[in-house]
Amino acid sequence: MTSQNNTLNIIIFANTNLEIVEPLFKQGVNIVGVIESEDRTTINNPIKRRIVKFNRLLKGMPSYTSLREFAKTKDIPYLEYKKTDKEQVVEWIKALGVDLLLSHQAPILPEEVFLAPKFGSINIHPTLLPKYRGSNPFFWMFYDEDMVCGITLHWIDSGIDTGKIIEQRSLQIQYGTDADQLERRLVAELAIPAVLKFLNQFEENSKTEEQPEQSPTPYAGRVTDEKYRSMLMNKSVSIRRFWHVLHANQQWHTALLPKKPDPAFHWVLSHYKEKEQADLHGEVEYKAKSINIHHANGTVVISRKFNLNRYIAHRLLGWLK
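Pasting the structure below:
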C-alpha cells in the first residue's frame, strides 16, 4: 500500500470469516472496522475453545478462529449485523470515520448503510457481471457449464449487483472444479490483487464501466431442494454435467441423499461412471466407505475420507456444546 492510500479508513463487511479480512490486513490496508451478518465461528464452550486453540498452536497457526476473535486480537471494532438495527449501523460507520466499505458475500445493504461511508461502498462479486447476478452464482454457472469465471469489483448501488464496474479478472475452470476451492482461489489470485490495486490508485472519480441493464443469464437465486432435484435428475442431463454441478455447493446432501452421511468423515465427490441405466435412475446406494448416486446416464461416486479435525469435532468434542 502507498502511504497516501494507507490512510483510507476501510470497513469490511464479510461473511467469509477471515478469508478476505486477514490478507488485506497483512497487506497494510487500514481496516477500522469489520462486520459480519452473524458470528457462527466463535467457540463459546471454554473447554472446547482451549482444545481447539491448543491444536492450532501445535500446528503453528494463530489462536483466533473467528472474525470476532481476529478483530479483538488486532484491536479492530467489530459489529454483528443481525443484532444491530440499521440506524445503529449507520451511526457506527460514521463514528469510525469510514471512507469506504468493502463487501464480500454480504447481504443486500440498504441505501442508508452503503452510502454512509464518505466515498460509498464497493463489492466483490464472484462472477463476471452482468452474468449471474444474485446470491447463488456458482450453482447457475456450473449448471450452465460456463468454464470462464472470475471476479467483479464494482460499486454498490440500489440494484442487486448492478453497480458500475471498477475491474474484472477471470480464469478458466475444469469440469469437477470444487466450488469451495474455486472461491478461495478467486479471492487469493484475483480479488485481493484487484482490491489492492484499486486502493493504491484510489481517486474519488476513478474510471468505471456502466453495466447493461439486462443480464445475459437469469437471476442467480437460491433454489429449493425440490427444484434442485428436478433440474439435476432430469434424464436429459449428462452424467458429466450432473457430476460437475454437484461440485457447485453442498446442496446434494439435503436434496439428493435420503439420509445424512456420517459427519465425522469428509465426503468427497470422487468420480462418475458413464452408463445407461434408466431402471436405477434416482436411487442412492450406501456402502461402507462410499455413496453411489445413480442417474439414468451413469453413477456418481462419493467417497469417505478421514479428516482429523472433523473426527475430533464430531466424535470427541460433539458433547461440548
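If you count the sequence shown from 1, position 308 lands on 308 in full-length UniProt numbering, and the numbers rise without skipping. Backbone N, C-alpha and C define an ideal beta-carbon position, used for all residues, glycine too.
Can you name, in chain order, every residue of its own chain whose Cβ lies under 8 Å from the Cβ of residue i, other than the five neighbours on each side?
| i | result |
| --- | --- |
| L196 | M1, L24, Q27, V29 |
| V98 | N9, I10, I11, V32, G33, A116, P117, K118 |
| I192 | I20, P23, L24, Q27 |
| T7 | N30 |
| I93 | I11, G33, L101, V113, A116, P117 |
Report the CB separation of residue i from residue j in whole angstroms; it is logged as a contact under 8 Å.
| i | j | result |
| --- | --- | --- |
| T84 | H125 | Their Cβ separation, rounded to whole angstroms, is 24 Å, which puts T84 and H125 out of contact at 8 Å. |
| V271 | V301 | In the sequence under discussion, the amino acid at residue 271 is His, which differs from the Val named in the question. Between V301 and H271 the Cβ distance is about 5 Å, and since that is below 8 Å, they are a contact. |
| I76 | S121 | Not quite, the Cβ-Cβ distance comes to about 18 Å (not below 8 Å), so this is no contact. |
| N307 | F265 | 7 Å |
| E111 | K86 | So it is not a contact: roughly 10 Å between Cβ atoms. |
| L257 | V284 | 6 Å |
| K289 | R310 | That pair is no contact at about 15 Å. |
| A248 | A179 | 5 Å |
| K164 | E210 | 6 Å |
| E167 | F198 | 7 Å |
When DSSP builds the beta bridges, which residues end up paired with residue i?
| i | result |
| --- | --- |
| A14 | H104 |
| N200 | In DSSP, N200 forms no bridge with anything. |
| G33 | I11 |
| G150 | S170 |
| N136 | N136 is not bridged to any residue. |
| N123 | S103, H154 |
| E209 | I165 |
Take residue i and list the residues in its own chain whose beta-carbon comes closer than 6 Å to its own, dropping the five residues that flank it on each side.
| i | result |
| --- | --- |
| K275 | G298 |
| A71 | V34, Y78 |
| F114 | S121, I156 |
| Q277 | none |
| W140 | Y132, A220 |
| S3 | Low confidence applies here, because S3 scores a pLDDT of 43, under 50, leaving its location unreliable; read the following figure in that light. Answer for S3: no residue qualifies. |
| M134 | Residue identity differs from the one stated: residue 134 is Gly in this sequence, not Met. Closer than 6 Å at the Cβ level, and outside the excluded window around G134, lie Y219, A220, G221. |
| L280 | H294 |
| residue 325 | Past the boundaries of the shown model lies residue 325; the chain is included only from 1 to 321, so the question cannot be answered. |
Would you mind working out which of the options sits nearest residue i, comparing C-alpha positions?
| i | options | result |
| --- | --- | --- |
| D161 | T177, F198, N123 | N123 |
| A149 | I156, G159, Q172 | The sequence shown places Cys at residue 149, not Ala. Checking every option, the nearest Cα to that of C149 belongs to Q172. |
| T215 | S230, H253, G159, I312 | Before going on, a small fix: residue 215 reads as Ser here, not Thr. The candidate whose alpha carbon is nearest that of S215 is G159. |
| Y143 | A95, T73, M233 | M233 |
| P261 | F242, H244, I293, G134 | I293 |
| K287 | I93, E226, W92, K259 | K259 |
| L129 | L109, W267, E145, E213 | E213 |
With respect to the alpha helix (DSSP H) encompassing residue i, which residues constitute its N-terminal and C-terminal limits?
| i | result |
| --- | --- |
| K305 | First-last for K305: 298-305, but that is the beta strand (DSSP E), not the alpha helix (DSSP H). |
| K94 | 86-95 |
| K273 | Per DSSP, K273 belongs to no alpha helix (DSSP H); it is in the beta strand (DSSP E), 266-274. |
| L67 | 67-73 |
| V245 | 239-246 |
With residue i as the anchor, note down where its beta strand (DSSP E) starts and where it stops.
| i | result |
| --- | --- |
| I293 | 290-295 |
| I20 | Careful: I20 lies outside any beta strand (DSSP E) and carries neither H nor E. |
| Y219 | Element bounds for Y219: n/a, residue is neither H nor E. |
| L79 | 78-80 |
| E285 | 284-286 |
Is the Cβ of residue i closer than 8 Å to any Cβ of chain D?
| i | result |
| --- | --- |
| P126 | Of the protein chains in the structure, only one exists, and it is not chain D. |
Once the 5 residues before and after residue i are set aside, which same chain residues still bring their CB inside 7 Å of it?
| i | result |
| --- | --- |
| R240 | Y175, Y272 |
| Y228 | Q251, A255 |
| E183 | P126 |
| V187 | E19, I20 |
| L246 | W252, L269, V300 |
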